[in-house]
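So the structure is just underneath, and the comments pick up after that.
There are 2 protein chains.
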Amino acid sequence: MQTRQYRRIGEIGYGMAMSATETAVDAPEIGLRELKKQMTHDAIAQAAFRLTLEKGLDHVTIEEIAREAIVSPRTFSNYFSSKEEAVVSAGSEDPQEFLPAFREALEQEPPLRALCQVLSDFYASRTEEQLDRSLQLLGLVERYPSLLQGQVGRFATIEAELRDAVAEHTGTDAETDMYPWLMAAAGMASLQAALRLWAASGRGADHLVELLQDAFNQFSAGLPVPGR
Amino acid sequence: MQTRQYRRIGEIGYGMAMSATETAVDAPEIGLRELKKQMTHDAIAQAAFRLTLEKGLDHVTIEEIAREAIVSPRTFSNYFSSKEEAVVSAGSEDPQEFLPAFREALEQEPPLRALCQVLSDFYASRTEEQLDRSLQLLGLVERYPSLLQGQVGRFATIEAELRDAVAEHTGTDAETDMYPWLMAAAGMASLQAALRLWAASGRGADHLVELLQDAFNQFSAGLPVPGR
DNA sequence: GGCGATATTGCCTTGTTTGCAATATTGCGC
DNA sequence: GCGCAATATTGCAAACAAGGCAATATCGCC
């Protein structure tokens, strides 16, 4: 999980050196150093997540997490500003994984449809293990409200990126135009509702996708009252 | 600000005793004790808010806030679990102020329209001072990301109450039906978008109401792409 | 192989959180 | 009014967390 993609930093500098090696599709082009950083990041997050599952959030200390990840407590603080952040980071999706796809899809479909498509694809292609992890996180968030804030913060970040993407694409300004806000919010609301209902249903990944599409469809239809 | 309304607790008990005194419209019917609690709650929140405006969030300590509100630091912790919570609590609207109205409006209009109406009325009837306070909070949230989490948490609470109200009214189950989730989320998204654009616009309360209604209209219309 | 950049760590200070027990205040029946 | 029960407030203390700073270790690159 947490496979990362890195922003291309123009053509600056590295050009000569790397044209020799294979310019891999989603390769970092950023040294081994950065890679190791990601690894410790993930190691800490994993440790936090696992220990929380085992012992409950408030019986886990930063010191313990750090020991588990084989770093100093001080290093923990260099990566995360709280236990909660670490736990949530380990269990949830990395927005960088579908944002590029969303930007591409925007070229071909209206935003709402594009996002629906991208998210559906994304979740349809997740492994059992990844989905399990999402379920576990949902459970933890329900059990510990303090995690909720961390998660909501994470969602807010994704929403902001979606908003920017939409604003950029439609040529509207997120400072004065409402559409990007509503669009991004509708997307995240669909995702969140689908995830929670899916978790409650106890069914498989295909049901999650159904729920997602249902949510998007309701938004497209102007949120008709179900009963009538 | 923060005028509270209390749930009517049926006809239990107090009947005899209070029929003598005036059964005030939004009166607590809950002793002086409860009232004082609200007062210290507000006093602490006010202190937190004002000090943060003056000195910046991270130059304010709980001890200081407590002194300002004339309570012990320990008492602060009895009311709020963090500075952030206190600050946000002081600056933002109390959901109890429009939830009852929303429940009533649900009897007469479809949910989306009902919520739009209730929120419009609510903000239209706010004083300059109250609106100023909202603006100040928006500014603070922008300046200090850690406040954002507190605010989002507060919004989440309101959203949950909206959701329950909608689920209850439409007879749907929030555990299995998606409509209440989407409906509540759309409402809060409209509110948030309207507030932020309004803050950026620097215009008056009537513009906020316009923005609110615009947002709700876009949702009703199925979020059409603006350009075409 | 050495140098510059940067990641990691330890130390330390300040602030936060929470349980517990003591104290003060309030509501209410008499 | 008076006193009792309920509960709000406080002080104390211990455990934990956050973050600046400087020393050290490690990496990438020439």
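Chain order of the listed sequences is A and B.
Residue numbering for the first sequence follows our numbering, beginning at 1 and increasing consecutively.
Residue numbering for the second sequence follows our numbering, beginning at 1001 and increasing consecutively.
C-beta atoms are modelled at their ideal positions from N, C-alpha and C, and glycine is treated no differently.
No experiment lies behind these values; they were computed from the predicted model shown.
If you draw a straight line from the Cα of GLY56(A) to the Cα of VAL141(A), it comes to about 11 Å. The alpha carbon of PHE1049(B) has as its nearest neighbour, out of GLU1128(B), MET1039(B), GLY1091(B), the alpha carbon of GLY1091(B).
Note that the C-beta distance between ALA199(A) and LEU138(A) is below 7 Å. Contact annotation for GLU1097(B) against chain A: no contact, minimum CB-CB distance about 23 Å [criterion: below 8 Å].
Between ALA1124(B) and VAL1209(B), the CB-CB gap stays under 7 Å. Within chain A, the residues whose beta carbon sits less than 7 Å from that of MET1183(B) are LEU223, listed in sequence order.
For the 7 Å CB-CB criterion, ALA193(A) and MET1178(B) form a contact. For ILE70(A), there is no enclosing alpha helix (DSSP H), as DSSP marks it with neither H nor E. Close to chain A, meaning a Cβ-Cβ distance shorter than 8 Å, are the following residues of the region 1155 to 1184 of chain B: ALA1156, THR1170, GLY1171, THR1172, GLU1175, THR1176, ASP1177, MET1178, TYR1179, TRP1181, LEU1182, MET1183.
Annotation for TRP181(A): ARG163, ALA174 place their beta carbon closer than 8 Å to its own, counting only its chain and skipping 5 residues before and after. Against chain B, the CB of PHE102(A) has no partner CB under 7 Å away; the residue lies outside that interface. The beta-carbon distance between ALA1043(B) and ALA1086(B), rounded to whole angstroms, is 10 Å. This is too long to meet the 8 Å contact definition. Taking the CA atoms as reference points, ASN78(A) sits about 20 Å from THR157(A). Within the region 1110 to 1131 of chain B, the residues whose Cβ lies closer than 7 Å to any Cβ of chain A are, in chain order, PRO1110, PRO1111, LEU1112.
For the alpha helix (DSSP H) assignment, the uninterrupted runs of no fewer than 4 residues enclosed by the region 91 to 176 of chain A are, from N- to C-terminal side, 99 to 106, 111 to 124, 128 to 143, 145 to 170.
ASP121(A) has its alpha-carbon roughly 42 Å from the corresponding atom of PHE1080(B).
Nearest CB-CB separation between GLY153(A) and chain B: below the 7 Å threshold. Burial check for PRO145(A): the Cβ neighbour count within 10 Å stays below 16, so the residue is exposed. LYS1037(B) sits exposed, since fewer than 16 C-beta atoms from the chains shown fall within 10 Å of its C-beta. Chain-ordered, the chain B residues with CB closer than 8 Å to the CB of GLN149(A) read GLN1149, GLY1150, VAL1152, GLY1153.
Interface flag for PHE1219(B) against chain A is set, since a Cβ pair is found closer than 7 Å. Separation of LEU1032(B) and THR1172(B) (C-alpha to C-alpha, rounded to the nearest whole angstrom) is 39 Å. Residues ALA174, PRO180 of the same chain have their beta carbon placed closer than 6 Å to that of ALA167(A), with the five preceding and five following residues left out of the count. Residues of chain B whose Cβ lies closer than 9 Å to the Cβ of ASP58(A) do not exist, since the nearest Cβ in that chain is about 13 Å away. Within the region 1198 to 1215 of chain B, the residues whose Cβ lies closer than 9 Å to any Cβ of chain A are, in chain order, ALA1200, SER1201, LEU1211, ASP1214, ALA1215. When the alpha-carbon of LEU53(A) is set against those of ARG203(A), ASP132(A), THR176(A), the nearest one is in ASP132(A). THR1170(B) is classed as buried because its beta carbon has at least 16 other beta carbons within 10 Å across all chains shown. Using a CB distance cut-off of 7 Å, GLY1227(B) counts as an interface residue toward chain A.
Interface criterion met: the Cβ of ALA193(A) is under 7 Å from a Cβ in chain B.
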